[in-house]
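Q:
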Amino acid sequence: MRTSGNELNGAEALVRLLALHDVRHVFGLCGDTSLPFYDALARLDHGIDHILARDERHAAYMADAYAKLSGRVGVCEGPSGGGATYILPGVVEANESSVPLLAVTSDIARPSRGRFALTELDQEALFRPVTKWNAVLEEGAALARQVRRAFRETTAGRSGAVHLSFPFDVQTRPVPEEEIWADARFGRCPALAAAPDRTDTARAVEVLASARRPVAICGGGVLLSGAGEALRGLAERAGFAVATTVSGQGSLAETHPLCLGVVGSNGGRPETRAAIEDADCILFIGCRAGSVTTERWRVPRPGTRTIHIDIDAGVIGVNYACDAGICADARLALEAMLDLHEGPPRPGAAAAVKAVWDAKSAHFGPLAGSDARPLRPERLIAELQRALPGDAIVCADAGTPCPYVSAYFRVPAPGRSIITNRAHGALGYALPAAVGAQIARPGARVAALMGDGSFGMSAGELETVMRLGLPILFVVCSNASFGWIKAGQKASFDGRFFGVDFSGTDHAALAAAFGMKAARVEDSRALRGALKSAIRHDGPFLLDVVTQPLEDARAPVSEWIA
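18 is the number of the first residue of the sequence shown in this note's numbering; add one for each residue after it.
#1: Please classify residue 572: is it buried, with 16 or more other beta-carbons within 10 angstroms of its beta-carbon, or exposed?
#2: Compute the Euclidean distance between the alpha carbons of residue 283 and residue 497, then round it to the nearest angstrom.
#3: CA-CA distance, residue 353 and residue 322?
#4: I'd like to know whether the C-beta atoms of residue 128 and residue 39 end up nearer to each other than 8 Å.
#5: With 16 other CB atoms within 10 Å as the buried threshold, where does residue 591 fall?
#6: Out of 258, 429, 545, 248, point me to the one whose CA is closest to residue 368's CA.
#7: For residue 37, collect the residues of the same chain with a Cβ closer than 6 Å to its Cβ; drop the 5 residues on either side in sequence, then sort them by chain order.
#8: How many angstroms separate the CA atom of residue 25 from the CA atom of residue 177?
#9: Are residue 133 and residue 154 close, meaning C-beta to C-beta below 8 Å?
#10: Return the chain-ordered ranges of every beta strand (DSSP E) run that is complete within the region 96 to 135 and spans a minimum of 3 residues.
#11: Please list, in chain order, all residues of the same chain as residue 19 whose beta carbon is under 7 Å from its beta carbon, the five residues on each side excluded.
#12: Please go through the region 278 to 330 and give each complete alpha helix (DSSP H) segment of 4 or more residues, from N-terminal end onward.
#13: Alpha carbon to alpha carbon, what distance is there between residue 61 and residue 21?
#14: Could you pull the DSSP bridge partners for residue 66 from this structure?
#15: From which residue to which residue does the beta strand (DSSP E) around residue 467 run?
#16: Any idea if residue 371 is buried or exposed, counting beta-carbon neighbours within 10 angstroms, 16 or more meaning buried?
#17: In angstroms with no decimal places, state the Cα-to-Cα distance between residue 165 and residue 180.
#18: Grab me the residues of residue 163's own chain with a C-beta within less than 8 Å of its C-beta, minus the 5 sequence neighbours each way, in chain order.
#19: Taking only three categories from DSSP, how would you classify residue 205?
#20: On the CB-based measure, 16 or more other CB atoms within 10 Å of its CB, does residue 396 come out buried or exposed?
#21: For residue 180, does the three-state DSSP call read helix, strand or coil?
#22: What first and last residue would you give for the alpha helix (DSSP H) that runs through residue 422?
#23: Pick helix, strand or coil for residue 210, following the three-state DSSP scheme.
#24: Between 532, 515, 251, which has its C-alpha nearest residue 356's C-alpha?
#25: Residue 361: buried (16+ other C-beta within 10 angstroms of its C-beta) or exposed?
#26: Go ahead and label residue 75 buried or exposed: buried means 16 or more other beta carbons lie within 10 angstroms of its beta carbon, across all protein chains shown.
#27: Would you call the region 484 to 498 and the region 545 to 558 touching, i.e. three or more CB-CB distances under 8 Å?
#28: Take the Cβ of residue 335 as the centre, count every other Cβ of all protein chains shown within 10 Å, and call the residue buried at 16 or more, exposed below.
#29: Buried or exposed: which applies to residue 97, given that a residue is buried once 16 or more other Cβ atoms fall within 10 Å of its Cβ?
#30: Using only the alpha-carbon positions, how far apart do residue 311 and residue 317 sit?
#31: Would you kindly work out how many angstroms separate the C-alpha atoms of residue 274 and residue 261, rounded to a whole number?
#32: Taking DSSP as the reference, what is the three-state secondary structure of residue 94?
#33: Under three-state DSSP, which class holds residue 231?
#34: What does DSSP give as the partner residues of residue 412 in its beta bridges?
#35: If the criterion is Cβ atoms closer than 8 Å, does the pair residue 384 and residue 393 meet it?
#36: One question on the structure: do residue 243 and residue 403 come within less than 8 Å of each other, judged by their Cβ atoms?
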């Protein structure tokens, strides 16, 4: 239904409001209840590209990766019923990772509620526990106010996922033209960055100055706030080592002499654990000190002095007693500490960091150079590091690739270049995330690494890649099993393997069926040439690499190493 005079209908109003918040891309999937919204997207002049995904979950994963790399709000949409339930995993992941994401799900008309309408579902109740903020759009002026609030909620303070339910009848009802305005600041994150309290900052500097062996552990909040330069400056001035979580990888270039790399149970090594155990003060920066980072709260040891910096007051001092806490944007907090910190840097931090990397290399080198069959995951990482350009974006799935990328793929420059889903670690993330990453960074080389279990959950998006002509390199680690679970069964349940093996698949042939260039690699000595060919190709390319099963490998996962 079109409106006349100085009014728009609800669907048109939403499209206009998205554009006013500087939204450039919307990832989604059509449905009956979305027809007015799609019609508005088709008719209006708005500058928004709609990216048709093949599954709502993947649309949300695309939006998540897009937001991480672009700094804009990632917007995804889907229809009522199954669409609303399918989109949930990506919404949960973004919210728990503090990624600015707006999910819009259309819904049945309000007069149909309670009458057994097809796809009827209480969307507000469904999304309430998994979002930062969540509402059902109402008609008239209320619609515009709710959309503006959604953008404020997702980008200000602790960023996170928000959700709007869009009833069919509201999409066709009038909205006054004068209500269509927006503050474009809330289209990017962080918006309205909170500055630290000077007293809290002074206390943190005092604790840091009194420490002999401080180490920072940086989470995704450092990257979200753009705090890398302030982090480098403070680390160099004070002379402390910098470690990262999986989500914080790239907070400092891993080639920097003070960067320890990733610590924790996924991607950490005994050498990095020892460095954290030896510290007499830990600076948690944009990091919740969760189970993976701390190896289930065993490292650092209880009693270690801590400084905790986070935009969310609710995480400061929860898992470790806090000697100094700063509730503020990470960049502003580190800049304030840098202004107050005096004195020469501590000696020895760079030498200690070098010793850690030397020890890691001593383990990694022989495996990375091995010609054994099946191909060692370490060899794959080494060849990827050699072949990819320095500004490449690597999307690593939560299964086989994640610990190897975290431990051994050495990020050469500061900033976010590793994309992974560490809040919930669901399989099927890397392939659609690579789509969002490539759209956010069209000039970058994007590579997606995944196990074959993960690939099986997302292979349909190869059609999306081909339709859009995205030059992504896909690498599938093929071992015909859910390898992470199988390795856990070996480590903790005496090797009683159950429910983890499936049939092998020629993934290269599957990719070729979508029209994609593809190759299969079974010999380590053929990998380098195959990667060179794939990277030279000017379109999408899939490499199906037969790799050592994870339960037989020497993966950097603390439970298995122990």
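Ideal placement from N, C-alpha and C gives every residue a C-beta, glycine not left out.
A: Quick look at the numbers:
#1: Residue numbering aside, residue 572 sits at position 555 when the sequence shown is read from its first letter. Label assigned to residue 572: buried.
#2: Taking the first residue of the sequence shown as 1, we reach residue 283 at position 266. Taking the first residue of the sequence shown as 1, we reach residue 497 at position 480. Distance between the alpha carbons of residue 283 and residue 497: 22 Å.
#3: Along the sequence shown, one-based indexing puts residue 353 at 336. Along the sequence shown, one-based indexing puts residue 322 at 305. Whole-angstrom Cα-Cα distance: 20 Å.
#4: Within the sequence shown, the letter at position 111 stands for residue 128. Within the sequence shown, the letter at position 22 stands for residue 39. No, the Cβ-Cβ distance between residue 128 and residue 39 is not below 8 Å.
#5: Nothing can be reported for residue 591, as the shown portion of the chain is limited to 18 through 579.
#6: Locating residue 368 in the sequence shown gives position 351, where the first residue counts as 1. Nearest option by C-alpha distance: 258.
#7: Taking the sequence shown and counting its residues from 1, the one referred to as residue 37 is at position 20. The residues are 199.
#8: As a first step, residue 25 is located in the sequence shown; it is residue number 8 there, counting from the start. As a first step, residue 177 is located in the sequence shown; it is residue number 160 there, counting from the start. When rounded, the distance between both Cα atoms is 29 Å.
#9: Taking the first residue of the sequence shown as position 1, residue 133 is located at position 116. Taking the first residue of the sequence shown as position 1, residue 154 is located at position 137. Against a cut-off of 8 Å, the Cβ pair of residue 154 and residue 133 comes out as no contact.
#10: 118 to 124
#11: For this step, residue 19 is matched to residue 2 along the sequence shown. Because residue 19 sits at a pLDDT of 41, beneath the cut-off of 50, its placement in the model cannot be relied upon, and the following sentence gives the value as read from the coordinates. Answer for residue 19: 26, listed in chain order.
#12: 287 to 295
#13: Position 4 of the sequence shown, counted from the first residue, corresponds to residue 21. Position 44 of the sequence shown, counted from the first residue, corresponds to residue 61. Because residue 21 carries a pLDDT of 45, less than 50, the predicted location of this residue cannot be relied on, and no value is offered for it.
#14: Taking the sequence shown and counting its residues from 1, one reaches residue 66 at position 49. The partner list for residue 66 (beta bridge, DSSP) reads 42.
#15: What you label residue 467 is simply residue 450 of the sequence shown in a count that begins at 1. Segment 463 to 468, the beta strand (DSSP E) holding residue 467.
#16: What you label residue 371 is simply residue 354 of the sequence shown in a count that begins at 1. Exposed: under 16 other Cβ atoms inside 10 Å.
#17: Here the question's residue 165 lines up with position 148 in the sequence shown. Here the question's residue 180 lines up with position 163 in the sequence shown. Between residue 165 and residue 180, the C-alpha separation is close to 12 Å.
#18: Residue 163 sits at position 146 when you count from the first residue of the sequence shown. The answer, listed in chain order, is 152, 154, 155, 181.
#19: Walking along the sequence shown from the start, residue 205 turns up at place 188. It is a strand residue.
#20: Position 379 of the sequence shown, counted from the first residue, corresponds to residue 396. So residue 396 counts as buried.
#21: By one-based count along the sequence shown, residue 180 stands at place 163. Strand.
#22: Indexing the sequence shown from 1 puts residue 422 at position 405. Residues 418 to 425.
#23: To locate residue 210, count along the sequence shown from 1; it is residue 193. Correct three-state label for residue 210: coil.
#24: Residue mapping note: residue 356 aligns to position 339 of the sequence shown, counting from 1. The option with the nearest alpha carbon to residue 356 is 251.
#25: Within the sequence shown, residue 361 is the residue found at index 344, counting from 1. Burial call: exposed.
#26: What you label residue 75 is simply residue 58 of the sequence shown in a count that begins at 1. Buried.
#27: yes
#28: Within the sequence shown, numbered from 1, the residue matching residue 335 stands at position 318. The residue is exposed, with fewer than 16 neighbouring Cβ atoms inside 10 Å.
#29: One-based indexing of the sequence shown puts residue 97 at position 80. Flag for residue 97 reads buried.
#30: The count along the sequence shown starts at 1 and reaches residue 311 at position 294. The count along the sequence shown starts at 1 and reaches residue 317 at position 300. Their backbone Cα atoms lie some 7 Å apart in a straight line.
#31: By 1-based counting over the sequence shown, the position of residue 274 is 257. By 1-based counting over the sequence shown, the position of residue 261 is 244. When rounded, the distance between both Cα atoms is 14 Å.
#32: Here residue 94 is taken as the residue at index 77 of the sequence shown, counted from 1. Looking at residue 94 - three-state DSSP - the assignment turns out to be strand.
#33: The residue given as residue 231 occupies position 214 in the sequence shown. Strand at residue 231.
#34: Walking along the sequence shown from the start, residue 412 turns up at place 395. 436, 465, per the DSSP bridge assignment.
#35: Here the question's residue 384 lines up with position 367 in the sequence shown. Here the question's residue 393 lines up with position 376 in the sequence shown. The answer is yes: Cβ separation under 8 Å.
#36: By 1-based counting over the sequence shown, the position of residue 243 is 226. By 1-based counting over the sequence shown, the position of residue 403 is 386. Not a contact, by the Cβ cut-off of 8 Å.
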